[in-house]
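Visitor:
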């Protein structure tokens with residue numbers, strides 16, 4: 043029987059605080075009092091020995107919702123991706139094919155090459171938005187020529203830069219890959235966003251892939267953690283590799299409990315995320331995109347979910363200029379990538395509108411340092 047809810051006074055867990063004015067990333071979400079309450083009631087047993095009920099229940103719950111056999115809680119999305127990739131690759135030579143902008147190649151400290159020794163085959167999507175089967179067929183190596191490195195794994199990402207890979211395209215790629223004995227991993231750190239956009243249900247996407255990593259600490263707002271889903275055999279291997287890079291944890295219920303709250307409250311308990319809090323972030327992102335274009339600005343990419351990519355160069359605005367203008371209005375910005383999360387307030391949108399007015403009019407002191415200030419957090 044669960045303990046009664048714990049009552050807290052006003053703490054830093056109450057209210058969105060600085061998060062409501064922080065549009066640098068959806069990693070800036072703040073954990074909630076309900077997460078804190080779950081942490082205070084959690085079990086405190088050892089996950090290395092598979093003994094923590096809260097962790098085991100979370101893993102079973104996510105495996106069931108994604109239609110996979112098993113799941114493994116990991117500390118970060120990077121850990122989930124790298125453990126999955128290593129678990130799929132057995133005997134070199136082997137190559138991993140991915141989008142040239144993919145998190146696994148651009149923002150994981152060279153982990154694919156350092157940890158697996160794999161060649162990475164990067165592909166630029168012809169449509170500028172997402173990879174297609176035609177893109178992949180052009181670059182995948184299927185022959186047994188001893189001069190070549192065969193493609194053994196395709197790693198897709200959805201969403202990527204906030205843009206959705208359609209379900210039908212993902213299915214085409216996976217079916218072709220499997221017909222050619224190639225495994226397919228999905229970096230689904232922000233798959234929740236694709237689902238809420240109406241692209242398909244959570245299991246519609248996840249059931250296609252051999253493995254999927256899902257993040258709890260971005261838009262869902264948990265303090266820490268991601269999860270990897272796959273077959274029992276894959277997760278058994280992944281548990282081994284997770285341990286080898288220091289990912290085995292003891293009282294893992296502390297963050298597993300918060301992750302469960304994040305799934306149910308922020309994404310929602312239904313397959314399409316309609317009962318959660320993410321849909322409103324997409325509406326705000328579209329408004330922000332319209333605010334910029336109505337002033338004559340251009341967008342780098344279409345707004346599919348919770349990200350808005352401003353084409354600052356076309357407006358003669360440096361990335362650090364926008365960050366400085368935003369700071370003067372009490373906003374935190376990182377260049378032209380604006381990320382909306384569910385704790386961003388209406389007041390923040392109003393302030394951003396004034397920032398756009400200043401930027402478009404050119405009424406600001408330009409910075410000499412215009413180095414790219416953001417990555418793909």
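Residue numbers (our numbering): 43 to 419. In this text, a Cβ means the ideal position worked out from N, Cα and C, and glycines have one as well.
1) For residue 339, count neighbouring C-beta atoms within 10 Å of its own C-beta (all shown protein chains included) and say buried if the count is 16 or more, exposed if not.
2) Taking DSSP's pairing of strands, which residues face residue 244 in a bridge?
3) Rounding to the nearest angstrom, what Cα-Cα distance links residue 117 and residue 173 in this structure?
4) Which residues bound the beta strand (DSSP E) around residue 349?
5) Quickly, what does DSSP pair residue 205 with across the bridge? List them, please.
6) Identify, in the order they occur along the chain, each residue of the same chain with its Cβ nearer than 6 Å to the Cβ of residue 163, setting aside the five sequence neighbours on each side.
7) Among 247, 183, 234, which residue has its Cα nearest to the Cα of residue 219?
8) Name, in chain order, the residues that DSSP records as bridge partners for residue 272.
9) Would you kindly report the start and end of the unbroken beta strand (DSSP E) that includes residue 380?
10) To which residues does DSSP link residue 88 through a beta bridge?
11) Do residue 80 and residue 226 have their beta-carbon atoms positioned less than 8 Å apart in this structure?
12) Do residue 165 and residue 185 have their CB atoms nearer than 8 Å?
13) Is there at least one non-hydrogen atom of the ligand HEM closer than 7 Å to the beta-carbon of residue 73?
14) Straight-line CA distance for residue 363 to residue 67?
15) Helix, strand or coil for residue 227 per DSSP?
16) Who are the near neighbours of residue 108 in its chain, counting only those whose CB is closer than 8 Å to its CB and skipping five residues on each side?
17) Would you call residue 134 buried or exposed, if buried means 16 or more other Cβ atoms sit within 10 Å of its Cβ?
18) CA-CA distance, residue 328 and residue 374?
19) Less than 7 Å between C-beta atoms, sequence neighbours within five positions excluded: which residues of the same chain meet that for residue 259?
20) Buried or exposed: residue 128, going by 16 or more other Cβ atoms within 10 Å of its Cβ?
21) Count the CB pairs spanning the region 365-385 and the region 274-288 that are closer than 8 Å, and state whether there are at least three.
22) Counting only runs of 3+ residues fully inside the region 320-378, write out the beta strand (DSSP E) ranges in chain order.
23) In this structure, does DSSP put residue 71 in helix, strand or coil?
24) Report the option in 217, 401, 326 whose CA atom is closest to the CA atom of residue 370.
25) Measuring CA to CA, which of 228, 193, 368, 177 is closest to residue 407?
26) Taking 8 Å as the cut-off, decide whether the C-beta atoms of residue 120 and residue 261 are in contact.
27) The alpha helix (DSSP H) spanning residue 19 covers which residue range?
Guide: Reading it off the structure:
1) By 1-based counting over the chain shown, the position of residue 339 is 297. By the neighbour-count rule (16 or more Cβ atoms within 10 Å), residue 339 is buried.
2) The count along the chain shown starts at 1 and reaches residue 244 at position 202. Partner(s): none; residue 244 has no beta bridge.
3) In the chain shown, residue 117 corresponds to position 75, counting from 1. In the chain shown, residue 173 corresponds to position 131, counting from 1. Straight-line Cα distance between these residues: approximately 28 Å.
4) Counting from one through the chain shown, the residue named residue 349 turns up at place 307. That run of the beta strand (DSSP E) goes 349-351.
5) In the chain shown, residue 205 corresponds to position 163, counting from 1. Answer is 202, bridged to residue 205.
6) Here residue 163 corresponds to residue number 121 of the chain shown, with the count starting at 1. Result list for residue 163: 137, 139, 181, in chain order.
7) One-based indexing of the chain shown puts residue 219 at position 177. When only C-alpha atoms are compared, the closest one is 183.
8) Position 230 of the chain shown, counting from 1, holds the residue named residue 272. For residue 272, which the question treats as bridged, DSSP gives the partners 112, 253.
9) Against the chain shown, residue 380 aligns to sequence position 338. From DSSP, the beta strand (DSSP E) with residue 380 extends over 379-381.
10) To locate residue 88, count along the chain shown from 1; it is residue 46. In DSSP, residue 88 forms a bridge with 293.
11) Against the chain shown, residue 226 aligns to sequence position 184. Against the chain shown, residue 80 aligns to sequence position 38. No, these two residues do not count as a Cβ contact at 8 Å.
12) Along the chain shown, read from residue 1 onward, the residue named residue 165 stands at position 123. Along the chain shown, read from residue 1 onward, the residue named residue 185 stands at position 143. Result no, Cβ atoms of residue 165 and residue 185 do not sit closer than 8 Å.
13) Annotation note on the ligand HEM: not contained in the displayed structure, which lists no ligands.
14) Your numbering for residue 363 matches position 321 in the chain shown. Your numbering for residue 67 matches position 25 in the chain shown. In a straight line, the C-alpha of residue 363 is about 18 Å away from that of residue 67.
15) Position 185 of the chain shown, counting from 1, holds the residue named residue 227. Residue state, collapsed to three classes: strand.
16) The residue given as residue 108 occupies position 66 in the chain shown. So the qualifying residues of the chain are 244, 245, 248, 249, 254, 256, 271.
17) Within the chain shown, numbered from 1, the residue matching residue 134 stands at position 92. When all chains shown are included, residue 134 counts as exposed.
18) As a first step, residue 328 is located in the chain shown; it is residue number 286 there, counting from the start. As a first step, residue 374 is located in the chain shown; it is residue number 332 there, counting from the start. Computed Cα separation, rounded: 19 Å.
19) Translated into positions along the chain shown, residue 259 becomes position 217. Excluding sequence neighbours, residue 259 sits near 69, 265, 266, 267.
20) Indexing the chain shown from 1 puts residue 128 at position 86. By the neighbour-count rule (16 or more Cβ atoms within 10 Å), residue 128 is buried.
21) no
22) 349-351
23) For the purposes of this step, residue 71 is taken as the residue at position 29 of the chain shown. Residue 71: coil per DSSP, three-state reduction.
24) Taking the chain shown and counting its residues from 1, one reaches residue 370 at position 328. Nearest option by C-alpha distance: 401.
25) For the purposes of this step, residue 407 is identified with residue 365 of the chain shown, where counting begins at 1. Measuring from the Cα of residue 407, the nearest candidate turns out to be 368.
26) The residue labelled residue 120 in the question sits at position 78 within the chain shown. The residue labelled residue 261 in the question sits at position 219 within the chain shown. Going by C-beta atoms, residue 120 is not nearer than 8 Å to residue 261.
27) The structure shown has nothing for residue 19, since the chain only spans 43 to 419.
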